[in-house]
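Student:
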Amino acid sequence: MEVIVSEYAGFCSGAKRAVDCVENALKDTRKVVTLGEIIHNTQVVDDLKLRGVNIIYSLTDLSEKLNYMFKEVTVVTRSHGITESIESDLKNNRIRYIDATCPFVKKTHTIVQYKVKHRDFLLVLGTKMHPEVEGISSRFKNKCFVFRNLQELEEIYNSNQELFDTKKGALVAQTTYLIEEWQKIVEYIEKKFENIAIFDTICKVTDERQKSTEEIAKKADFMVVVGSHQSSNTLKLVEICNKHTTTLLVGSWEDLQKIDNLTQFNVIGITAGSSTPIEEVRRVQNYLISLSKNNI
Ligand code: SF4
Numbered sequence: 099m100e101v102i103v104s105e106y107a108g109f110c111s112g113a114k115r116a117v118d119c120v121e122n123a124l125k126d127t128r129k130v131v132t133l134g135e136i137i138h139n140t141q142v143v144d145d146l147k148l149r150g151v152n153i154i155y156s157l158t159d160l161s162e163k164l165n166y167m168f169k170e171v172t173v174v175t176r177s178h179g180i181t182e183s184i185e186s187d188l189k190n191n192r193i194r195y196i197d198a199t200c201p202f203v204k205k206t207h208t209i210v211q212y213k214v215k216h217r218d219f220l221l222v223l224g225t226k227m228h229p230e231v232e233g234i235s236s237r238f239k240n241k242c243f244v245f246r247n248l249q250e251l252e253e254i255y256n257s258n259q260e261l262f263d264t265k266k267g268a269l270v271a272q273t274t275y276l277i278e279e280w281q282k283i284v285e286y287i288e289k290k291f292e293n294i295a296i297f298d299t300i301c302k303v304t305d306e307r308q309k310s311t312e313e314i315a316k317k318a319d320f321m322v323v324v325g326s327h328q329s330s331n332t333l334k335l336v337e338i339c340n341k342h343t344t345t346l347l348v349g350s351w352e353d354l355q356k357i358d359n360l361t362q363f364n365v366i367g368i369t370a371g372s373s374t375p376i377e378e379v380r381r382v383q384n385y386l387i388s389l390s391k392n393n394i
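Going by the working numbering, the first residue of the sequence shown is number 99, and it counts up by one from there.
1) Verify whether the separation of the beta carbon atoms of T311 and T369 is less than 9 Å.
2) For K226 versus R246, is the C-beta spacing smaller than 9 Å?
3) Considering Cα atoms alone, identify which of H216, G224, E230, V142 is closest to H178.
4) Take F320 and list the residues in its own chain whose beta-carbon comes closer than 6 Å to its own, dropping the five residues that flank it on each side.
5) Where do the N-terminal and C-terminal ends of the beta strand (DSSP E) with I196 fall, by residue?
6) Please state whether DSSP places N152 in a helix, a strand or coil.
7) Quick one: what does DSSP say A107 is sitting in, helix, strand or coil?
8) Quick one: Cα of L64 to Cα of I184, how far?
9) Grouping DSSP H, G and I as helix and E and B as strand, with all else coil, what is C200?
10) Helix, strand or coil for F238 per DSSP?
11) Starting from the C-beta of F243, find all residues in its chain whose C-beta is less than 6 Å away, skip the five residues before and the five after it, and write them out in chain order.
12) Near D197, what residues of its chain come up, given a Cβ to Cβ distance below 7 Å and the 5 sequence neighbours on each side ignored?
13) Could you please give the first and the last residue of the uninterrupted alpha helix (DSSP H) stretch that includes L160?
14) Under 9 Å, do I153 and V143 count as touching if we go by C-beta distance?
15) Contact check, V120 vs V151 under 8 Å by CB: the rounded distance?
16) Indicate whether L346 and M99 have their beta-carbon atoms separated by less than 9 Å.
17) Going by DSSP in three states, F363 sits in which element: helix, strand or coil?
18) Taking the alpha helix (DSSP H) that F320 falls in, what are its first and last residues?
19) Indicate whether at least one CB of chain C lies closer than 9 Å to the CB of S161.
20) Locate the alpha helix (DSSP H) running through L386, then write down its first and last residues.
21) Sorted by chain position, which residues of the same chain lie with C-beta nearer than 7 Å to A113's C-beta, five sequence neighbours on each side aside?
22) What does DSSP give as the partner residues of G267 in its beta bridges?
23) Considering only their Cβ atoms, is the gap separating V379 from G349 smaller than 9 Å?
24) Can you find the residues in the same chain that come closer than 6 Å, C-beta to C-beta, to F400, ignoring five residues on each side of it along the sequence?
25) Quick check: the segment 331-341 against the segment 281-293, are there 3 or more CB pairs under 8 Å?
26) Just tell me which of N139, D187, E278, L188 has its CA closest to the CA of H327.
27) Inspect the beta-carbon positions of V322 and L276 and report whether they are closer than 9 Å.
28) Hey, how far is the Cα of V101 from the Cα of E352?
29) So, for V103: in the same chain, excluding its five sequence neighbours on each side, which residues have a beta-carbon less than 6 Å away from its beta-carbon?
30) Answer with buried or exposed for R149, where buried requires no fewer than 16 other C-beta atoms within 10 angstroms of its C-beta.
31) Would I234 and Q272 qualify as a contact pair, given that the criterion is a beta-carbon distance under 9 Å?
32) Report the residue from L354, K302, A318 whose alpha carbon sits nearest the alpha carbon of Y397.
Shown next, in the form of structure tokens:
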């Protein structure tokens, strides 16, 4: 059995930066909380909890659930970014915070806040309610539409024809969105509209990871995706792999122990979401290699 690992598996720069921000905050004497789970990875989050890092989901949790005073904490935000109103609340309440928003997400914020702010509508290719999409939408003051695919965009167009045909718009995407879907949307918009400015905000790391995953999935008769069910970029990798071969999403190597007959496969590919530490990927790889050796 051959085991192939994507060269892009392991933390992306944004996830690494977010975890480093928490590590740096821990060097201070203040209590450290993260606004949501710092990354979608149970082992990392559990380890930080053991070291005293609490998770809050809103600023009121600080006083109501944790009994913390604003002045004694450092809040670390996630790489997905935060909404404009949360940012204002942090500032207005003089809460010390470390902004771990990934620079790629920040770039989208800048486009929305400065480059396209006078446009009449914004189209965001992404998942509604995803924190990154909420952060992007919150920074645009005119009409904003979030959609997941071409069908949803057409539905939006059918209900807002006058706006689309007479006003100026802009298009951005959630950084980790499926490249293939983005390309379809760009093609559609370029053909149909001259008044919509297009900004490619898909992060390069996502692009490379998706491409490398697809290459491996084409060769493999079984793919293992290491990551979390809550991680949007991980689920996109599962979607890509499923097009080519049988695919399993696992949180850790231990999940593989429940699967029989893995040695029936000739080529197993491994890829991982951007919040999965490389150590976990190696554990999955080593487990599969050990199965293969024991089977000789
Ligand atoms: S996937 Fe890209 S945009 Fe998202 S955190 Fe990682 S580097 Fe940043």
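Heads up, the beta-carbon is just placed ideally off N, CA and C, and yes, glycines get one too.
Tutor: The structure says:
1) Locating residue 311 in the sequence shown gives position 213, where the first residue counts as 1. Locating residue 369 in the sequence shown gives position 271, where the first residue counts as 1. Contact: yes.
2) Numbered from 1 along the sequence shown, position 128 holds the residue referred to as residue 226. Numbered from 1 along the sequence shown, position 148 holds the residue referred to as residue 246. Against a cut-off of 9 Å, the Cβ pair of R246 and K226 comes out as a contact.
3) For the purposes of this step, residue 178 is taken as residue 80 along the sequence shown, with counting starting at 1. H178 has its Cα closest to that of E230, out of H216, G224, E230, V142.
4) Your numbering for residue 320 matches position 222 in the sequence shown. Counting only Cβ-Cβ distances below 6 Å, and skipping sequence neighbours, we find T344, F363, I366.
5) Within the sequence shown, numbered from 1, the residue matching residue 196 stands at position 98. Residues 194-196.
6) Here residue 152 refers to the residue found at position 54 of the sequence shown. DSSP, reduced to helix, strand and coil, places N152 within a strand of the structure shown.
7) Taking the sequence shown and counting its residues from 1, the one referred to as residue 107 is at position 9. Coil.
8) Shown here, the chain extends from 99 to 394; a query on residue 64 therefore has no answer.
9) By one-based count along the sequence shown, residue 200 stands at place 102. Reduced to three states, the DSSP call for C200 is coil.
10) Here residue 238 is taken as the residue at index 140 of the sequence shown, counted from 1. If DSSP states are grouped into helix, strand and coil, F238 belongs with coil.
11) Looking up residue 243 in the sequence shown gives position 145. If the five residues before and after F243 are omitted, its C-beta is found closer than 6 Å to the C-beta atoms of L221, I254, all from its own chain and listed in chain order.
12) Position 99 of the sequence shown holds residue 197. So the qualifying residues of the chain are T175.
13) What you label residue 160 is simply residue 62 of the sequence shown in a count that begins at 1. Its alpha helix (DSSP H) spans residues 158-162.
14) On the sequence shown, residue 153 is found 55 positions in, with the first residue counted as 1. On the sequence shown, residue 143 is found 45 positions in, with the first residue counted as 1. It is a contact, given that the beta carbons lie within the stated cut-off.
15) Position 22 of the sequence shown, counting from 1, holds the residue named residue 120. Position 53 of the sequence shown, counting from 1, holds the residue named residue 151. Sure, about 6 Å apart at Cβ, within 8 Å.
16) Translated into the one-based positions of the sequence shown, residue 346 becomes position 248. Translated into the one-based positions of the sequence shown, residue 99 becomes position 1. No, the pair does not count as a contact, with Cβ atoms beyond the cut-off.
17) Walking along the sequence shown from the start, residue 363 turns up at place 265. In the structure shown, the three-state DSSP call for F363 is coil.
18) Walking along the sequence shown from the start, residue 320 turns up at place 222. Where F320 is concerned, there is no enclosing alpha helix (DSSP H), although the beta strand (DSSP E) around it starts and stops at 320-324.
19) The chain labelled as chain C is not found in the depicted structure, where only one protein chain is given.
20) The residue you call residue 386 lines up with position 288 of the sequence shown. According to the DSSP assignment, L386 belongs to the alpha helix (DSSP H) that extends over 376-392.
21) Position 15 of the sequence shown, counted from the start, is the residue given in the question as residue 113. Cβ neighbours of A113 beyond the five flanking positions: I137, S177, S372, S373.
22) Position 169 of the sequence shown, counting from 1, holds the residue named residue 267. In DSSP, G267 forms a bridge with F219, I294.
23) Residue 349 sits at position 251 when you count from the first residue of the sequence shown. Residue 379 sits at position 281 when you count from the first residue of the sequence shown. No; because the gap between Cβ atoms is not below 9 Å, this pair is not in contact.
24) Only positions 99 to 394 of the chain appear in the structure, and residue 400 is not among them; the question remains open.
25) No, the segment 331-341 is not in contact with the segment 281-293.
26) As a position in the sequence shown, residue 327 is number 229, starting the count at 1. Comparing Cα positions, the closest option is N139.
27) Taking the first residue of the sequence shown as position 1, residue 322 is located at position 224. Taking the first residue of the sequence shown as position 1, residue 276 is located at position 178. 9 Å or more divides the Cβ of V322 from the Cβ of L276.
28) Position 3 of the sequence shown holds residue 101. Position 254 of the sequence shown holds residue 352. Whole-angstrom Cα-Cα distance: 17 Å.
29) On the sequence shown, position 5 is the one that residue 103 refers to. I368, Q383.
30) As a working note, residue 149 is residue 51 in the sequence shown. Result: exposed.
31) Here residue 234 corresponds to residue number 136 of the sequence shown, with the count starting at 1. Here residue 272 corresponds to residue number 174 of the sequence shown, with the count starting at 1. In this structure, the beta-carbon distance from I234 to Q272 falls below 9 Å.
32) Nothing about residue 397 can be read from this structure; the chain reaches only from 99 to 394.
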